[in-house]
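Trainee: Residues in the sequence shown are numbered consecutively from 1, following full-length UniProt numbering.
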Amino acid sequence: MTTTQSPASTDATMQEVDVHLVIRRFDPEADSRPRWESYTVRQKPTDTVLAALHTVKWTLDGSLSFRRSCAHGVCGSDAMLINGENRLSCVTLIKDVGTELRIEPVRGLPVVKDLVVDMEPFFAQYRQVMPWLVNDDDPGFRERRQSPEERARFDDTTKCILCGACSTSCPVYWAGGDYLGPAAIVAAHRFIFDSRDRAAAERLDILNQRGGVWRCRTSFNCTQACPRGIAVTEAIEEVKRAIVSDRA
1 MTTTQSPAST DATMQEVDVH LVIRRFDPEA DSRPRWESYT VRQKPTDTVL
51 AALHTVKWTL DGSLSFRRSC AHGVCGSDAM LINGENRLSC VTLIKDVGTE
101 LRIEPVRGLP VVKDLVVDME PFFAQYRQVM PWLVNDDDPG FRERRQSPEE
151 RARFDDTTKC ILCGACSTSC PVYWAGGDYL GPAAIVAAHR FIFDSRDRAA
201 AERLDILNQR GGVWRCRTSF NCTQACPRGI AVTEAIEEVK RAIVSDRA
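1. Give me the Cα-Cα distance between residue 185 and residue 197, rounded to the nearest whole angstrom.
2. Looking at the structure shown, is residue 221 part of a helix, part of a strand, or coil, going by DSSP?
3. Are the beta-carbon atoms belonging to residue 92 and residue 48 less than 8 Å from one another?
4. With DSSP run on the structure shown, which of helix, strand or coil describes residue 38?
5. What does the alpha-carbon distance come out to for the pair residue 19 and residue 220?
6. To the nearest angstrom, how far is the alpha carbon of residue 100 from that of residue 22?
7. Just to confirm my understanding: we take residue 57, look at its own chain, exclude 5 residues before and 5 after, and list those with CB closer than 7 Å. What are they?
8. Determine, for residue 223, whether the minimum Cβ-Cβ distance to residues of chain D falls below 8 Å.
9. Between residue 41 and residue 52, what straight-line distance do the alpha-carbon atoms span, to the nearest angstrom?
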């Protein structure tokens, strides 16, 4: 006679474990410098890091601040440094990063409070590359059509959710200055190679300046950090080649 155990009794992922979080805290109204706070919560290995942060905030320390919205990896609001890597906490499972978690705000942007950073410098750089379709031609009564091949040319960079994980993983971006950063270049790429757009030359001029693509050192940090799997470094190199060919 064969007996079968229920999945609940055999699946270790269903058993709660202790998760230890060490979180970099900073409240500008109370702290002169950042500090570290430790918390222990019970979570399932299949829970997300965001779920663990919610447990901390809702049951242990309501003063902890972090951004989150959709909790499904779409809005990009909860990018943070988890065990030394930029990740979205809402799609990062505890079983994939372990039960010892060191959590910090992303680098390269001013800290507002705890894990919340000021995104305005990031969006100011994004706006500089004209991240919108430019075309004053009258299409008449038809749509501005393009072939599947033309659409595929820039498909990868349409996946960006503006989480900032790529830019804030870049050593050049950390140094400050006028570098636009990977995310802005990705946004420009999406329109430079769009057959319907008419402002590619203008964007290439912007990216050919001191703070543009030539500041990239091809470290691939941005590509590794992207939660959407965008080939960020490849997109930057394609923009470089477009600048060179446009000037040839």
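Virtual Cβ for every residue (Gly too), placed ideally from N, Cα, C.
Mentor: In terms of the structure at hand:
1. 16 Å
2. helix
3. yes
4. strand
5. Straight-line Cα distance between these residues: approximately 31 Å.
6. 8 Å
7. Closer than 7 Å at the Cβ level, and outside the excluded window around residue 57, lie 64.
8. Any reference to chain D falls outside this structure, which holds one protein chain only.
9. 7 Å
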